[in-house]
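Engineer: Here it is: the structure, laid out below.
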Amino acid sequence: MMRRWGLVCLMSIAAIPVSAQFAPPRVVGVINQPNSGDRSQAMLDDRRYLIDRGVETSIFRGDILNVYRERRLSRRMPEPLRLFIGTMTITDSQRGSSVGVFTPHEPMMSQAVIKLKTALKNDLVVPRLILDSGVLFDAGQFALNPRAQAEFAKVAEFVQMFSPAKLVIEGHTDSDGEDMSNLRLSEQRAGEIRKYLINNYVFISAGMIEARGFGESRPLVPNDSRENKALNRRIEVIIWE
């Protein structure tokens, strides 16, 4: 059933015009940089960051994007690593630029490799789509659920908006169960999503999509209620480059 739906969806979407290849947005400055040298948490929380892309790349007010800092940890590394440092909530967007508020990912910000604990110029600001794992999978399982069809339609539309050269599919869980079991489940779920997208959409090839699992290590909210745990059980589709 899912296979037939995927082929129909492929035929209907493949004809949509594709825009120019995506280039990741970056932070280009701080709008309300304090002159007093005040670096209190309240001041950092109130900062607004200017981003070098806007509505022309489908970045709109209310969107929440992932923020990454590039770091080359060794001179032998051909490419820098991207370290996830938090999210950017877009408060205003127009053609050519947008403005956002940064929320740090505290576990990464506490690492020694991150010396400055806020968003900086040249940090990458990357679009993401969050899918509900409760719709895609049964509890504790990684086989795709037949009712996941509408979620894949969202992914197809999202990818078409950006025309990326690379996608990353991330699996995330809540904190119930063992750490390693959650990590393995998140990897398996991300892998199933990757496989389905490759098999059903001509504009998504095996070489452009990567699956990763993070288990319970990156919660959106504290795992202190049933509702919050449901939010943390998710798949993220990230426009990588």
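Sequential numbering from 2 applies to the sequence shown in my numbering.
Built from N, CA and C at the ideal position, the CB exists for glycine as well.
Since the structure is predicted, the reported quantities are computational estimates derived from the model, not experimental observations.
Any idea which residues DSSP pairs Gly-30 with across the strands?
Structural biologist: Position 29 of the sequence shown holds residue 30. Answer is Leu-51, bridged to Gly-30.
Engineer: So, helix, strand or coil for Gln-150, using DSSP?
Structural biologist: The count along the sequence shown starts at 1 and reaches residue 150 at position 149. Helix.
Engineer: At a Cβ threshold of 8 Å, is Arg-129 touching chain B?
Structural biologist: Among the chains in the structure shown there is no chain B, since it carries only a single protein chain.
Engineer: Given Glu-128, which residues of its chain have a CB within under 6 Å of its CB, disregarding the five upstream and five downstream residues?
Structural biologist: Translated into the one-based positions of the sequence shown, residue 128 becomes position 127. Residue 128 is actually Pro in this sequence, not Glu. Contacts found: Leu-66 and Ile-240.
Engineer: Taking the straight line between their C-alpha atoms, what separation do you get for Asn-224 and Ser-176?
Structural biologist: On the sequence shown, residue 224 is found 223 positions in, with the first residue counted as 1. On the sequence shown, residue 176 is found 175 positions in, with the first residue counted as 1. Straight-line Cα distance between these residues: approximately 6 Å.
Engineer: What does the Cβ neighbour count give for Pro-81, buried or exposed, with the cut at 16 atoms within 10 Å?
Structural biologist: The residue labelled residue 81 in the question sits at position 80 within the sequence shown. So Pro-81 ends up on the exposed side.
Engineer: What's the C-alpha gap between Ala-16 and Met-162?
Structural biologist: By one-based count along the sequence shown, residue 16 stands at place 15. By one-based count along the sequence shown, residue 162 stands at place 161. Confidence in Ala-16 is poor, its pLDDT being 35 and thus under 50, which makes the residue's placement unreliable; the coordinate value appears in the next sentence. Whole-angstrom Cα-Cα distance: 13 Å.
Engineer: Residues in the same chain with beta-carbon distance under 6 Å from Ile-131, minus the five sequence neighbours each way, listed in chain order, please.
Structural biologist: In the sequence shown, counting from the first residue as 1, residue 131 sits at position 130. Counting only Cβ-Cβ distances below 6 Å, and skipping sequence neighbours, we find Arg-235 and Glu-237.
Engineer: Reducing DSSP to helix, strand and coil, say where Glu-211 ends up.
Structural biologist: Translated into positions along the sequence shown, residue 211 becomes position 210. Note: Glu-211 maps to strand in three-state DSSP.
Engineer: On a CA-only basis, which of Ile-194, Met-181 and Arg-73 is nearest Arg-83? Give me that one, please.
Structural biologist: What you label residue 83 is simply residue 82 of the sequence shown in a count that begins at 1. Minimum Cα distance to Arg-83 is reached at Arg-73.
Engineer: Looking at C-alpha atoms only, which residue of Val-102, Arg-76 and Ala-154 is the closest neighbour of Tyr-197?
Structural biologist: Taking the sequence shown and counting its residues from 1, the one referred to as residue 197 is at position 196. Of the candidates Val-102, Arg-76 and Ala-154, the one whose C-alpha sits nearest the C-alpha of Tyr-197 is Ala-154.
Engineer: Note down, in chain order, each residue of its chain lying with its Cβ closer than 8 Å to the Cβ of Ser-13, except the 5 sequence neighbours on either side.
Structural biologist: In the sequence shown, residue 13 corresponds to position 12, counting from 1. Because the pLDDT at Ser-13 is just 33, under 50, the model does not fix this residue reliably, and the point stays unresolved.
Engineer: Measure the beta-carbon distance from Gly-214 to Gly-172 and round it to whole angstroms, keeping in mind my assumption that it falls under 8 Å.
Structural biologist: Sequence index remark: in the sequence shown, residue 214 carries index 213 (1-based). Sequence index remark: in the sequence shown, residue 172 carries index 171 (1-based). Yes, Gly-214 and Gly-172 are in contact; Cβ-Cβ is about 4 Å, under 8 Å.
Engineer: For Gln-95, write down the residues that DSSP places opposite it in a beta bridge.
Structural biologist: Within the sequence shown, numbered from 1, the residue matching residue 95 stands at position 94. Its beta-bridge partners are Ser-98.
Engineer: Looking at the unbroken beta strand (DSSP E) that takes in Asp-133, where does it start and where does it end?
Structural biologist: For the purposes of this step, residue 133 is taken as the residue at position 132 of the sequence shown. Run containing Asp-133: 129-133, per the beta strand (DSSP E) assignment.
Engineer: Could you give the first and the last residue of the continuous alpha helix (DSSP H) run that contains Ile-205?
Structural biologist: Counted from its first residue, the sequence shown places residue 205 at position 204. Careful: Ile-205 lies outside any alpha helix (DSSP H) and carries neither H nor E.
Engineer: Excluding the 5 residues flanking Ser-59 on each side, which residues of the same chain have their C-beta closer than 6 Å to its C-beta?
Structural biologist: Working through the sequence shown from its first residue, we reach residue 59 at position 58. Cβ neighbours of Ser-59 beyond the five flanking positions: Met-162.
Engineer: Put Leu-137 into one of helix, strand or coil per three-state DSSP.
Structural biologist: In the sequence shown, the residue the question calls residue 137 occupies position 136. It is helical.
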